[in-house]
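Novice: Mapping the sequence shown onto this note's numbering, position 155 (from 1) lands on 146, and the numbers just tick up by one.
Where is the CB? At the ideal position from N, CA and C, for every residue including glycine.
From a predicted model like this one, the values you see are computed outputs, not experimental measurements.
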Amino acid sequence: MQYRLNPQYRLFLCLRLEQDTLHWFACDLDGTPLEQEQQTCSGDVRELLDTLLMRVRARYPRLAAVVLGFAGTMHNGIITESFGYPELRGVSLSAYLHDKTGLPCMAARDMQVVAAGYAAQYTPVPKAAVCIYIGKLGAGAGIVLDGKVWDGAAGFAGELHYLPIEHNLEYAQNHFAGADMSDYFTKVICGCAALINPDRVVLYADSRLTDKVSQIRESCAQALPEQAMPVIELSRSFEQDYTRGLFTLAKKMEETT
């Protein structure tokens, strides 16, 4: 006789809040999506979440955990900034989701989720890695240390626009207008090398980085000692890493409850 785990014994709801859109999928223990959709947020996003959670909870009684990724910042679980959703400031999204579902729930910064997804594809996981993405609201990073995502003492780790680089805060507002992207990312990567010494830095593909990665590698190699030089990789897998990260965090949460 052969036995195997029924992958639909437990299910997860994974949500991604970005700009004016809520992306979501329900998946099984293997990460196979059972249903997925995206919905536009035209009003208070909490109303959309309430309706969705009620619908998914009723449709999938074996739902075991909920994870939501969003663009913003948190401190002690409370949202201090949520780009595009001012109604979420001061809200503990994890507690909010738990109150609505009664399930283990987690809300995490988008780059925290992406870094978890990037690391999950490797065995063993990277000792130290920095994942950098350029979005419509500037650049942000997710950090993996000893196989675990590092968010910092106050959830501030990865807020690249607070590095002491000239015009850095302005770049977050003007989409890097007038910036020398090779010079900018050389400074960012060298700063990361000096502070956490990553073995790899992932730059997610963006039109502003086209044909610049080789120059960034060369400039970093000139500025850093050989033993501190990370592998600098250009990745086109942002969406895949985000999806894998949501599933990875949901599964870990279910395994520990």
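1. Alpha carbons only, please: which of Leu154, Ile69 and Leu160 is nearest the one belonging to Ile180?
2. CA-CA distance, Arg199 and Met172?
3. Note down, in chain order, each residue of its chain lying with its Cβ closer than 8 Å to the Cβ of Ser85, except the 5 sequence neighbours on either side.
4. Let's test the definition: count the other Cβ atoms within 10 Å of the Cβ of Asn(-3) and tell me whether it reaches 16, buried, or not, exposed.
5. What number of angstroms, rounded off, separates the C-alpha of Leu215 from the C-alpha of Ser226?
6. What first and last residue would you give for the beta strand (DSSP E) that runs through Lys139?
7. Give me the Cβ distance between Gly75 and Gln10, rounded to the nearest whole Å; I'm assuming they're in contact under 8 Å.
8. Taking all protein chains shown into account, do 16 or more other C-beta atoms lie within 10 angstroms of the C-beta of Asp90, making it buried, or fewer, making it exposed?
9. Could you give the first and the last residue of the continuous alpha helix (DSSP H) run that contains Ser210?
10. Please identify the residue among Thr234, Glu245 and Glu246 whose C-alpha is closest to the C-alpha of Tyr109.
11. Kindly provide the ranges of any alpha helix (DSSP H) runs that are 4 or more residues long and lie completely inside the region 134 to 186, ordered along the chain.
12. Do you know whose CA, among Asp232, Val105, His166 and Lys118, lies nearest Gly149's CA?
Specialist: Quick answer:
1. Leu154
2. 7 Å
3. Gly68, Cys96, Met97 and Ala98
4. exposed
5. 22 Å
6. Lys139 to Trp141
7. 6 Å
8. exposed
9. Val204 to Ala214
10. Thr234
11. 159 to 165 and 172 to 186
12. Val105
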